[in-house]
(Lines of atoms letter the chains of each structure in order from A and count residues from 1; the text may use other names and numbers.)
(Lines give C-alpha, C1' and ligand atoms only; values in the text may rest on other atoms or scores of the structure.)
Protein backbone atom coordinates (compact mmCIF):
# COMPACT_ATOMS: atom_id res chain seq x y z
CA UNK A 1 0.00 0.00 0.00
CA UNK A 2 1.18 3.46 -0.85
CA UNK A 3 1.94 5.80 2.01
CA UNK A 4 0.56 9.33 2.27
CA UNK A 5 3.91 10.86 1.32
CA UNK A 6 4.17 8.66 -1.81
CA UNK A 7 0.62 9.65 -2.80
CA UNK A 8 1.50 13.35 -2.45
CA UNK A 9 4.63 12.87 -4.56
CA UNK A 10 2.60 11.06 -7.24
CA UNK A 11 -0.03 13.80 -7.25
CA UNK A 12 2.66 16.48 -7.50
CA UNK A 13 4.29 14.66 -10.42
CA UNK A 14 0.93 14.35 -12.21
CA UNK A 15 0.29 18.07 -11.73
CA UNK A 16 3.75 18.92 -13.08
CA UNK A 17 3.36 16.67 -16.12
CA UNK A 18 -0.16 18.00 -16.72
CA UNK A 19 1.14 21.55 -16.47
CA UNK A 20 3.93 20.86 -18.96
CA UNK A 21 1.45 19.33 -21.41
CA UNK A 22 -0.94 22.28 -20.97
CA UNK A 23 1.88 24.79 -21.56
CA UNK A 24 3.03 22.83 -24.64
CA UNK A 25 -0.49 22.78 -26.10
CA UNK A 26 -1.02 26.47 -25.34
CA UNK A 27 2.35 27.35 -26.92
CA UNK A 28 1.46 25.31 -30.02
CA UNK A 29 -1.91 27.12 -30.37
CA UNK A 30 -0.13 30.48 -30.07
CA UNK A 31 2.47 29.34 -32.64
CA UNK A 32 -0.29 28.25 -35.03
CA UNK A 33 -2.09 31.59 -34.65
CA UNK A 34 1.11 33.59 -35.24
CA UNK A 35 2.03 31.36 -38.18
CA UNK A 36 -1.41 31.71 -39.79
CA UNK A 37 -1.25 35.49 -39.34
CA UNK A 38 2.18 35.51 -41.01
CA UNK A 39 0.83 33.40 -43.88
CA UNK A 40 -1.99 35.92 -44.37
CA UNK A 41 0.52 38.79 -44.38
CA UNK A 42 2.42 36.95 -47.14
CA UNK A 43 -0.78 36.43 -49.14
CA UNK A 44 -1.61 40.13 -48.69
CA UNK A 45 1.81 41.09 -50.11
CA UNK A 46 3.08 42.58 -46.84
CA UNK A 47 6.00 40.21 -46.17
CA UNK A 48 8.20 38.01 -48.37
CA UNK A 49 9.10 34.35 -47.98
CA UNK A 50 12.66 33.13 -48.21
CA UNK A 51 14.14 30.25 -50.20
CA UNK A 52 16.90 28.11 -48.70
CA UNK A 53 19.47 30.17 -50.66
CA UNK A 54 18.43 33.27 -48.68
CA UNK A 55 16.71 35.06 -51.58
CA UNK A 56 13.28 36.49 -50.71
CA UNK A 57 10.09 36.44 -52.78
CA UNK A 58 6.69 38.05 -52.50
CA UNK A 59 3.59 36.18 -53.73
CA UNK A 60 3.59 38.18 -56.99
CA UNK A 61 7.23 37.23 -57.59
CA UNK A 62 6.20 33.57 -57.58
CA UNK A 63 2.96 33.79 -59.57
CA UNK A 64 2.99 37.11 -61.46
CA UNK A 65 0.80 40.13 -60.85
CA UNK A 66 -2.59 38.41 -61.13
CA UNK A 67 -2.89 36.17 -58.10
CA UNK A 68 -6.70 36.05 -58.11
CA UNK A 69 -6.86 32.41 -59.20
CA UNK A 70 -4.14 31.12 -56.87
CA UNK A 71 -5.41 28.24 -54.71
CA UNK A 72 -4.34 28.32 -51.06
CA UNK A 73 -4.91 25.90 -48.21
CA UNK A 74 -3.38 24.91 -44.88
CA UNK A 75 -2.16 21.39 -44.25
CA UNK A 76 0.33 19.86 -41.82
CA UNK A 77 2.48 18.21 -44.48
CA UNK A 78 5.48 17.51 -42.23
CA UNK A 79 3.58 16.09 -39.24
CA UNK A 80 4.88 18.62 -36.68
CA UNK A 81 1.39 19.67 -35.54
CA UNK A 82 1.51 23.13 -37.19
CA UNK A 83 -0.09 23.62 -40.61
CA UNK A 84 1.94 24.85 -43.54
CA UNK A 85 0.64 27.19 -46.26
CA UNK A 86 0.15 25.50 -49.65
CA UNK A 87 -0.15 27.74 -52.72
CA UNK A 88 -0.93 26.37 -56.19
CA UNK A 89 -1.53 27.69 -59.69
CA UNK A 90 0.66 25.99 -62.25
CA UNK A 91 3.45 26.02 -59.69
CA UNK A 92 3.11 24.58 -56.21
CA UNK A 93 4.79 26.10 -53.16
CA UNK A 94 4.68 25.08 -49.51
CA UNK A 95 5.63 27.70 -46.92
CA UNK A 96 6.62 27.08 -43.32
CA UNK A 97 7.85 29.26 -40.52
CA UNK A 98 11.39 28.11 -39.73
CA UNK A 99 13.56 29.83 -37.13
CA UNK A 100 11.28 32.87 -37.13
CA UNK A 101 11.33 33.31 -40.90
CA UNK A 102 8.69 32.44 -43.48
CA UNK A 103 10.49 29.88 -45.66
CA UNK A 104 9.63 28.25 -48.98
CA UNK A 105 9.84 24.62 -47.98
CA UNK A 106 8.87 23.09 -51.33
CA UNK A 107 8.64 24.17 -54.95
CA UNK A 108 6.99 21.95 -57.56
CA UNK A 109 4.25 21.78 -60.17
CA UNK A 110 0.55 21.85 -59.38
CA UNK A 111 -0.26 19.56 -62.31
CA UNK A 112 1.78 16.60 -61.01
CA UNK A 113 2.28 17.10 -57.25
CA UNK A 114 -0.34 15.77 -54.85
CA UNK A 115 -0.08 16.45 -51.09
CA UNK A 116 -0.53 13.35 -48.92
CA UNK A 117 -0.80 14.61 -45.34
CA UNK A 118 -1.27 11.12 -43.86
CA UNK A 119 2.16 10.16 -45.24
CA UNK A 120 3.80 13.56 -44.53
CA UNK A 121 4.73 14.23 -48.11
CA UNK A 122 4.06 14.93 -51.77
CA UNK A 123 3.33 12.30 -54.40
CA UNK A 124 4.54 13.20 -57.89
CA UNK A 125 2.59 11.35 -60.59
CA UNK A 126 2.84 11.94 -64.32
CA UNK A 127 1.75 9.92 -67.31
CA UNK A 128 3.33 10.32 -70.71
CA UNK A 129 3.04 9.00 -74.24
CA UNK A 130 5.09 7.37 -77.04
CA UNK A 131 5.02 4.81 -75.58
CA UNK A 132 2.53 5.20 -72.73
CA UNK A 133 4.41 5.52 -69.41
CA UNK A 134 3.87 6.46 -65.79
CA UNK A 135 6.26 8.09 -63.33
CA UNK A 136 5.93 8.11 -59.53
CA UNK A 137 8.06 9.49 -56.76
CA UNK A 138 7.41 10.51 -53.21
CA UNK A 139 9.02 13.33 -51.26
CA UNK A 140 8.64 12.94 -47.50
CA UNK A 141 9.04 15.79 -45.02
CA UNK A 142 10.66 15.49 -41.60
CA UNK A 143 9.07 17.43 -38.72
CA UNK A 144 11.64 20.21 -39.17
CA UNK A 145 10.66 20.59 -42.83
CA UNK A 146 13.68 18.73 -44.24
CA UNK A 147 12.79 16.96 -47.50
CA UNK A 148 13.67 13.30 -48.03
CA UNK A 149 13.30 12.32 -51.68
CA UNK A 150 12.45 8.73 -52.49
CA UNK A 151 13.35 6.69 -55.57
CA UNK A 152 11.84 7.45 -58.98
CA UNK A 153 9.64 4.66 -60.31
CA UNK A 154 8.73 4.40 -64.00
CA UNK A 155 6.86 1.89 -66.09
CA UNK A 156 6.68 1.81 -69.89
CA UNK A 157 4.19 0.12 -72.21
CA UNK A 158 7.12 -1.17 -74.29
CA UNK A 159 5.02 -3.64 -76.29
CA UNK A 160 2.61 -0.75 -77.05
CA UNK A 161 -0.52 -2.81 -76.48
CA UNK A 162 -2.24 0.07 -74.67
CA UNK A 163 -1.77 -1.15 -71.10
CA UNK A 164 1.00 -1.75 -68.61
CA UNK A 165 1.44 -5.50 -68.21
CA UNK A 166 3.79 -8.47 -68.07
CA UNK A 167 5.82 -7.66 -71.20
CA UNK A 168 6.54 -4.06 -70.23
CA UNK A 169 9.51 -2.26 -68.59
CA UNK A 170 9.66 -1.39 -64.90
CA UNK A 171 12.39 0.91 -63.58
CA UNK A 172 13.52 2.15 -60.19
CA UNK A 173 15.95 5.09 -60.43
CA UNK A 174 16.48 4.18 -64.11
CA UNK A 175 17.53 0.60 -63.28
CA UNK A 176 15.35 -2.20 -64.63
CA UNK A 177 13.36 -3.90 -61.87
CA UNK A 178 11.30 -7.06 -61.60
CA UNK A 179 7.60 -6.32 -62.18
CA UNK A 180 6.48 -7.96 -58.91
CA UNK A 181 8.97 -5.96 -56.82
CA UNK A 182 8.06 -2.76 -58.68
CA UNK A 183 4.34 -3.29 -58.11
CA UNK A 184 4.90 -4.02 -54.42
CA UNK A 185 7.04 -0.90 -53.90
CA UNK A 186 4.62 1.37 -55.80
CA UNK A 187 1.38 -0.14 -54.48
CA UNK A 188 0.58 2.75 -52.12
CA UNK A 189 1.36 5.36 -54.80
CA UNK A 190 -0.83 3.65 -57.39
CA UNK A 191 -3.63 3.34 -54.79
CA UNK A 192 -3.45 7.09 -54.08
CA UNK A 193 -3.46 7.80 -57.84
CA UNK A 194 -6.58 5.68 -58.33
CA UNK A 195 -8.36 6.95 -55.21
CA UNK A 196 -7.85 10.60 -56.20
CA UNK A 197 -8.47 10.08 -59.90
CA UNK A 198 -5.08 11.40 -60.99
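Residue numbers (the UniProt record's numbering): 1 to 198. C-beta: ideal position from N, C-alpha, C; glycine also.
For residue 72, the enclosing beta strand (DSSP E) has its first and last residue at 71-75. Each of 94, 89 and 88 was checked against the Cα of residue 82, and the nearest Cα belongs to 94.
Rounded to the nearest whole angstrom, the C-alpha separation of residue 156 and residue 192 is 20 Å. For residue 134, the closest alpha carbon among the candidates 112, 144 and 74 is that of 112. Counting C-beta pairs closer than 8 Å gives three or more between the region 49-59 and the region 85-102, which meets the contact rule. For residue 53, the secondary structure class from DSSP, reduced to helix, strand or coil, is coil. Here DSSP, grouped into helix, strand and coil, assigns residue 87 to strand. Following the DSSP letters along the chain, one finds residue 180 inside the alpha helix (DSSP H) bounded by residues 179-196. Minimum Cα-Cα distance from residue 140 among the listed residues 163, 106 and 131 corresponds to 106. Take residue 158, set aside five residues on each side of it, and the residues of its chain with a beta-carbon closer than 8 Å to its own are 131, 167, 168 and 169, in chain order. When the beta-carbon positions are compared, residue 102 and residue 42 come within less than 8 Å of each other. Look at residue 66 here: in three-state DSSP terms it is coil, with no helix or strand label. If you check the CB distance, residue 79 and residue 92 do not come in under 8 Å. Of 75, 179, 104 and 76, the smallest CA-CA separation from residue 53 is found for 104.
Here residue 39 carries a helix assignment [DSSP, helix/strand/coil].
Here residue 179 has 170 as same chain residues with Cβ atoms under 6 Å from its own Cβ, once five neighbours each way along the sequence are excluded. Contact between residue 145 and residue 96 holds, with the beta-carbon distance rounding to 5 Å and staying under 8 Å.
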